[in-house]
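Have a look at the structure below, then the notes.
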Amino acid sequence: MDRYHTLYRASIDTPEAFWAEQAKRIPWLRPPSITLTYDELGHARWFGDGELNICHAALDHHVEQGRGEQAALHWDSSVTDARATLSYRQLRDRVAHVAGALAQLGVEKGDRVVIYMPMIPEALIAMYACARLGAVHSVVFGGFAPHELAVRIDDAEPKVLLTASCGIEVTTVLPYKPLVDEAIAQSQHKPNACVVLQREACLATLGENDLDWMTLERSAPFAECVAVKATDPLYVLYTSGTTGKPKGVMRDTGGYAVALAFSMATIYALEAGDVMFTASDVGWVVGHSYIVYGPLLHGCTTVMYEGKPVKTPDAGSFWRLIERYGVKSFFSAPTAFRAIKKEDPEAKWLKAFDLSSLKHVFVAGERLDPPTFHWLDDLLDVPVIDHWWQTETGWPVAANMVGVEPMATKAGSASVPVPGFNVQVVDRDGEQVPPMTQGSIVIKQPLPPGCLSGIWRDPQRFHAAYMAAFPGYYLTGDGGYVDPDGYLFIMGRTDDVINVAGHRLSTGEMEEVLGSHPAVAECAVIGIHDELKGQLPVGLVITKDGFAGDETSLEAELVAQVRQRIGPVACFKQVLVVERLPKTRSGKILRKLLRTIADGKPYRVPSTIDDPTSLDDMQQLMSERAVGLADRALRED
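The sequence shown begins at 628 in our numbering and counts up one residue at a time.
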């Protein structure tokens, strides 16, 4: 790993020189002469005097360089059986006219625009149109409840709201306009206008302040790019906060562009003209970074998919798209692959398609458990690469740097820290722990370009939430360890470490054992309150489709398996077979919420939940099976 180590040490030892060199990857309108400064709270700010426009860098620049007729975007909708391809020139022109329409509605540099849309080309076009004007966009996942949308409207105070008439799910059409109307009615701040893209599946009735998208786009002038400072915000993306008030993660423009351009070459090993398919949503950070901005900054073709990994129409959806568009780099979340494994455990659908274009599969969003890694790794002839990052970091913190030097893969590990991220594992006192010792994962300042620049309208909250716990370090909130080779193992959120009679145990390790059983498609382990031992672990498992065995016997097998692998110290005595687990729309299992339910505490249904009825089912099942009751049977050890 000599090439990697050389690059990494340069980024840590001489960060200013390192990132000044990487900044040459993007076309600045005014190249920066200052690389690194710090704000009044001691947070890093990158390329302070540089000027650019990320829409120019991702679209206009490529047209000017002769790449105008190359495909920029392939849109594929399995829920409507529709497809479209836009070249760089076509995409640039549509973005410029939508930007012109926004300008006619009074949107200027620094104004905010809320985007509440499904996975359609206009969502990406809207984001770039805002960036073209220097306006700050805030994408809210289409389908969020009115109250949650209202909270975001009040925080961002948008001048305009962009939406579509509906979103389309597996079996239903969800009208968006009634949700938007109710949200605006609830909010204190009122946008000047609501622009609606009409979709044939469900046309919206337009009101007094509503405007038709296509009418505006067709009549609007071509807007030129507005120069912004590198430190000016590009977008605000809301993530859930422990106080119940969402945190508006704020991303700057210049540092983000540099980080994404660097990552496309060094992490994803892509060149201009290659095709990248990221199976996410533009409402999440993965969609922002690796559907919308990263691929187009690098001159690649991006694939935007409106559909699910299964049932739209089958478990071959991803493989079909890889063949159809000649995808070289594919990126999805572990939960998507677990859903495919559940429906198609023998991977019969995969065998039906030609995947010869595919060179790498990247996985992130939550820990890639070893059973799912091995299932994929055995099936595919290309590297399966787990990598780790967060909404706040904006791009990967740890990865196998295949664009620099391919490394050996270790199941359960996100590989090594990415250049720029000085990752350390510390104990409760902030002292660095030796290899193979679990602790809190922190990142030493300065954070590299591309990370959050603050919390929208609340700089003190940014400092308190991320920087105050360990001065000089960013607190990731994740726990894990580093092995003697420097590989990082993320074992889950630090609040997923449970304390059983004084023993600190990782629920991630127990999930790894459960997931290795051939009948298990997906699982979660939570720690519930116990008067005697403090906490006790409970396993929740979903079986693969076609499982015909006895559930009681399976539960007993799984308990025995955990006790054999981890030992009686875990006090692992209860497993429940469930039909589904409550998840966010991005696929993360809501473990903290499950613990709250099991402990009988009041809870608030999070805005990010995919299916609220799953909580009712879980509450009923836990009640029936006496989960959370500190009875003698659960603490005989």
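Glycine included, every Cβ here is placed at the ideal spot set by N, Cα and C.
Whole-Å CB distance - residue i paired with residue j, under 8 angstroms assumed
i: G1081; j: M877; result: 5 angstroms
i: S1133; j: Q1065; result: 7 angstroms
i: V1069; j: D703; result: No, V1069 and D703 are not in contact; Cβ-Cβ is about 40 angstroms, not under 8 angstroms.
i: G1104; j: F1116; result: That belief does not hold up - the Cβ atoms of G1104 and F1116 are roughly 16 angstroms apart, past 8 angstroms.
i: V1045; j: A1025; result: 6 angstroms
i: N819; j: V863; result: Wrong, their Cβ atoms sit about 18 angstroms apart, outside the cutoff.
i: A750; j: C793; result: Wrong, their Cβ atoms sit about 13 angstroms apart, outside the cutoff.
i: S916; j: G1047; result: S916 to G1047, Cβ: 15 angstroms. No contact.
i: I967; j: P936; result: 5 angstroms
i: Q649; j: V885; result: 6 angstroms
i: Y1101; j: Y1093; result: 5 angstroms
The beta strand (DSSP E) enclosing residue i, as first and last residue numbers
i: G1066; result: 1066–1071
i: I1117; result: 1115–1120
i: Q1051; result: 1049–1053
i: R710; result: 709–714
i: P802; result: 800–802
i: R739; result: 739–743
i: H1295; result: It is not possible to answer for residue 1295, since the shown part of the chain is limited to 628 through 1264.
i: Y1108; result: 1100–1109
i: Y952; result: Premise fails: Y952 lies in the alpha helix (DSSP H), 944–952, not in any beta strand (DSSP E).
Sheet register partners of residue i (DSSP bridge)
i: E1149; result: I1169
i: H1090; result: Answer is none; H1090 lacks a bridge partner.
i: R878; result: Y862
i: A820; result: V787
i: I1236; result: T1211
i: P757; result: The amino acid at residue 757 is misidentified as Pro; the sequence shows Cys. In the DSSP output, where bridge partners are listed per residue, C757 has none listed.
i: D703; result: R710, Y932
i: P1044; result: A1025
i: G1154; result: P1164
i: V1011; result: V988
i: Q1201; result: V1165
i: V855; result: L679
i: G794; result: L801
i: T664; result: R672
Cβ-based burial, residue i [other Cβ within 10 Å; buried from 16]
i: G1268; result: Here the chain covers residues 628 to 1264 and nothing more, so residue 1268 does not appear.
i: E643; result: exposed
i: M746; result: buried
i: T1240; result: exposed
i: Q1298; result: In the structure displayed, the chain extends from 628 to 1264; residue 1298 sits before or after that span and is not available.
i: H724; result: buried
i: H632; result: exposed
i: M891; result: buried
i: R1218; result: buried
i: A783; result: buried
i: Q1017; result: buried
i: A1225; result: buried
i: Q1087; result: exposed
i: A1253; result: exposed
i: V1232; result: exposed
i: C821; result: buried
i: V1043; result: buried
i: T869; result: Residue confidence is low: T869 scores 47 on pLDDT, short of 50, so the model does not pin down where it sits. No coordinate-derived value is stated.
i: L1163; result: buried
i: K804; result: buried
i: F645; result: buried
i: F957; result: buried
i: Q815; result: exposed
i: Y665; result: exposed
Host alpha helix (DSSP H) of residue i (start-end)
i: A960; result: It is not in any alpha helix (DSSP H) - A960 carries neither H nor E in the DSSP assignment.
i: P1062; result: Here P1062 belongs to no alpha helix (DSSP H), and DSSP marks it neither H nor E.
i: C1078; result: C1078 -> no alpha helix (DSSP H), and no H or E assigned at all.
i: Y621; result: Residue numbering for the chain in the displayed model covers 628 to 1264; residue 621 lies beyond these limits and cannot be assessed.
i: V1186; result: 1178–1192
i: S846; result: 840–846
i: A671; result: Looking at the DSSP string, A671 is not in any alpha helix (DSSP H); the run it does join, the beta strand (DSSP E), is 671–673.
i: T1223; result: 1218–1225
Proximity test, Cβ basis, 9 angstroms: residue i and chain D
i: L729; result: In summary, chain D is missing from the structure at hand, where a single protein chain is found.
The ligand MN heavy atom lying under 8 angstroms from the CB of residue i
i: T962; result: In terms of ligand content, the structure shown is empty, and the ligand MN therefore cannot be addressed.
Stretch-stretch touch, CB-based, cutoff 8 angstroms, three pairs: the segment 761–778 with the segment 797–810:
yes
With three or more C-beta pairs closer than 8 angstroms as the rule, is the segment 687–701 touching the segment 709–722?
yes
Does the segment 672–686 come within contact of the segment 649–664, defined as at least 3 CB pairs closer than 8 angstroms?
yes
Does the count of Cβ pairs from the segment 942–962 and the segment 779–786 closer than 8 angstroms reach three?
no
Give a yes or no on contact between the segment 1136–1147 and the segment 988–1005, applying the rule of three or more CB pairs nearer than 8 angstroms.
yes
Does the segment 852–864 come into contact with the segment 1047–1055, if we say contact requires no fewer than three beta-carbon pairs (one atom in each stretch) closer than 8 angstroms?
no
Counting Cβ pairs, one atom from each stretch, are 3 or more of them under 8 angstroms apart for the segment 969–986 and the segment 921–930?
no
Quick check: the segment 982–993 against the segment 1199–1216, are at least 3 beta-carbon pairs closer than 8 angstroms?
yes
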